Amino acid sequence: MKQKMIEKKLDEEKNNKNQNIKRILRKRPLLIAGPCAIEDKESLYEIGKAVKESGAHVLRGMAFKPRTKPESFQGLGELGLQILAEVKRTLSIPVVSEIVDTKHIDLFYKYDVDILQIGSRNMDNYELLKEVGKTDKFVLLKRGYASTLEEFLGAIAYLRNAGNNNIILCERGIKAYASSTRNILDLGIVNILKTLDETKDLTIIVDPSHAAGRRDLVIPFGLAALAANADGLIVEVHNKPETALSDKDQQITLEDFKSLAVKTNRLISTSKLLNKF
Ligand code: PEP
Ligand code: MN
54 MKQKMIEKKL
64 DEEKNNKNQN
74 IKRILRKRPL
84 LIAGPCAIED
94 KESLYEIGKA
104 VKESGAHVLR
114 GMAFKPRTKP
124 ESFQGLGELG
134 LQILAEVKRT
144 LSIPVVSEIV
154 DTKHIDLFYK
164 YDVDILQIGS
174 RNMDNYELLK
184 EVGKTDKFVL
194 LKRGYASTLE
204 EFLGAIAYLR
214 NAGNNNIILC
224 ERGIKAYASS
234 TRNILDLGIV
244 NILKTLDETK
254 DLTIIVDPSH
264 AAGRRDLVIP
274 FGLAALAANA
284 DGLIVEVHNK
294 PETALSDKDQ
304 QITLEDFKSL
314 AVKTNRLIST
324 SKLLNKF
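Following my numbering, the numbering of the sequence shown begins with 54 at its first residue and continues without gaps.
Encoded structure:
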């Protein structure tokens, strides 16, 4: 009997927590910001505090980094998630972190990560999709860097078929033959996803950081994405971008994020005004 009551209470708490995150994810524009990788507690706290004050709704910070080269910084692993949990508690902000392997699911529960990111390199990792789909966590699914719309829809179906419909979609740029930026930002897909029955009710965001690959273009790409109907942005922000351990060319400063947040709100007010006429 006592056990039943405890279970009921835990279920209620989980339900309330999920409702709270759902409410936060409905913010427009939804702003997710933070460093590419968690490097240490002090910097994550400084970045988290600053982006929250500027208006970010969710803090990003990766503990497991899939990198092109094995000698590159791979993330702090479990220690990173532990730091993320501490900063989340102190700042009282939901967090998103990337999961790269099914064997880490328990760790993401242990450290209470609210949103599991499935990164571009793993969009078609079907075993990962099936296992993450079985969890009751929110999922941020990034489009594969060379994925077609059909393939993206397939990945969404894997999550749904496994029982998870708490999905946020993210366009982060795709590879192209000739590109002037790290990737080509495909804003067309944002609008297409907004019209398809399978996806129109999902939150659809854009990652201008990995699309641009360079700091000076992150704000224009972000604003373009919002003007083109995206529900929000996920942006890499660092307190000292030039010495960041990963993606140092594309992380924007705390001040730049503040300016981006102000501009996004102005843009949204203007579009609301324009839509009136
Ligand atoms: C990231 O968001 O940290 C990341 C690695 O992005 P992507 O999977 O889009 O390359
Ligand atoms: Mn990155």
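Backbone N, C-alpha and C fix where the C-beta goes; we use that ideal spot for every residue, glycine too. The structure displayed is predicted, hence computed values, not measured ones.
Hey, is Glu289 close to the ligand MN, as in C-beta under 7 Å from one of its heavy atoms?
Closer than 7 Å to some heavy atom of the ligand MN: that describes the Cβ of Glu289.
What span of residues does the alpha helix (DSSP H) with Ile136 cover, start to end?
131 to 144 is the extent of the alpha helix (DSSP H) around Ile136.
Which whole runs of the alpha helix (DSSP H) in the segment 236 to 324 are 4 residues long or more, in chain order?
Taking only runs of at least 4 residues, the alpha helix (DSSP H) segments lying wholly in the segment 236 to 324 are 240 to 248, 261 to 265, 271 to 280.
Go ahead and pull the three-state DSSP assignment for Arg113.
In the structure shown, Arg113 sits in a strand (DSSP, three-state: E or B).
Cβ of Leu320 within 8 Å of Cβ of Leu255?
The answer is no: Cβ separation not under 8 Å.
Those runs of the alpha helix (DSSP H) which lie wholly inside the segment 162 to 226 and span at least 4 residues
Along the segment 162 to 226, the alpha helix (DSSP H) occurs as fully enclosed runs of 4 or more residues at 179 to 186, 202 to 214, listed in sequence order.
May I ask you to list the residues that DSSP assigns as paired with Ser150?
Partner(s): Leu169.
Where Ile91 falls: helix, strand or coil (DSSP)
Of the three classes helix, strand and coil, the one that applies to Ile91 here is coil, per DSSP.
By DSSP's criteria, Leu326 is part of a beta bridge. Which residues make up the other side?
According to DSSP, which records beta bridges pairwise, Leu326 is partnered with nothing at all.
Does DSSP put Ala231 in a helix, in a strand, or in coil?
Ala231: coil per DSSP, three-state reduction.
Which same chain residues, not among the five before or five after Ser145, have their C-beta less than 7 Å away from its C-beta?
Excluding residues within five positions, none has a Cβ falling inside 7 Å.
Is it the case that the Cβ atoms of Gly266 and Gln303 are separated by a distance below 8 Å?
Annotated as proximal: Gly266 and Gln303, with beta-carbon spacing under 8 Å.
Could you tell me the distance, in whole angstroms, from the CA atom of Arg235 to the CA atom of Ala264?
Each residue's alpha carbon lies about 6 Å from the other.
How about Thr155 and Ile209: are their beta carbons less than 8 Å apart?
Thr155 places its beta carbon 8 Å or farther from that of Ile209.
Please confirm whether Val243 and Val259 have their CB atoms less than 8 Å apart.
Their beta carbons are under 8 Å apart, which means Val243 touches Val259 by this criterion.
Along the alpha helix (DSSP H) that carries Arg76, what are the first and last residues, could you check?
Under the DSSP assignment, Arg76 falls in the alpha helix (DSSP H) whose first and last residues are 55 to 78.
Sort out for me which residues DSSP pairs Val103 with in a bridge.
Contrary to the premise, residue 103 reads as Ala rather than Val in this sequence. In the DSSP output, where bridge partners are listed per residue, Ala103 has none listed.
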